[in-house]
Amino acid sequence: MLLFSSAGRVQLALLLGTCVLGSSYSLQVFEDDGNMVQLPGGKFQMGTNSPDGKNEGPLEAVTVKSFAIDKYPVTNRDFREFVREKKYKTEAEAFGWSFVFEDFVSEELKKKVTQKLESAPWWLPIDNAFWRQGIFPKVDMAEDGYHGVSPVNAFSPQNNYGLYDLLGNTWEWTASEYQPHGPMSRQRAQKMHVLRGASWIDTVDGSANHKARVTTRMGNTPDSASDNLGFRCAAHILSQKSRKTKSKKEL
């Protein structure tokens, strides 16, 4: 496969929109650098016909060629290295503003926020008030040891291929266009792409948001961002015949 620093890998992903499985712009694989796992091609059953499947059907047979995929999702550290190396300016910097999640605000800054809205609802800060633990995700008891996302290597791989975080932690972008079924499909105004894998705010039984299972999917517009969305890179694997043809052309 092509050898890239983490900054280079993130740059490619950004340039191509999402460098993920299904993209017509995926990279060709030349040699192994240990950051990706090679998966054999073949047929598999995608989706489910289960009545409780939320936009997960219909069940259909899909054929894929052999490909390679990152062991881990792209991390904040990867993106930070990319920004520093390439002097990249984020959309938030270009716009001049952005939303900030309360979890990311320092304790020092929180102490400076003392004013409250006159019409503040009950779930906002109230002096001398105490609220007991409630139902997830409104109340996160961090039973897995993490409040929100976890490090990409915090838990063992969930498969025999050695891939981490394919289920839970963050939803992951794919290059496949999202095709919802029913009335919503006729109401779409903007192209959407498929997200797979569910995230830390989803539950096994679906009592909060989506069911965290292998068939779960949802769609979102490419310009969407959140603390529970992520991606990883994927690449084509050249066949032996293609490798020989390429070598002859280079000679």
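Numbering (mature numbering (1 follows the signal peptide of the UniProt record, and there is no 0)), first residue to last: -26 to -1, 1 to 225. C-beta atoms are modelled at their ideal positions from N, C-alpha and C, and glycine is treated no differently.
A straight line joining the alpha-carbon of H167 with that of V178 spans about 23 Å. With fewer than 16 other Cβ atoms inside 10 Å of its own Cβ, H121 counts as exposed. For a cut-off of 8 Å, the C-beta gap from T22 to L33 is around 6 Å, short enough to register as a contact. Here the alpha carbons of K63 and G15 stand approximately 38 Å from one another.
In this structure, L137 is the residue among V36, L137, S181 with its C-alpha nearest to the C-alpha of I43.
One alpha carbon belongs to A128, the other to W174, and they sit about 13 Å apart.
In terms of Cβ geometry, P131 and N29 do not form a close pair [threshold 7 Å]. Taken through DSSP and simplified to helix, strand or coil, A35 comes out as strand. The Cβ atoms of N202 and T144 sit closer than 7 Å to each other. Taking a C-beta distance under 7 Å as the contact criterion, F41 and I211 qualify as a contact pair.
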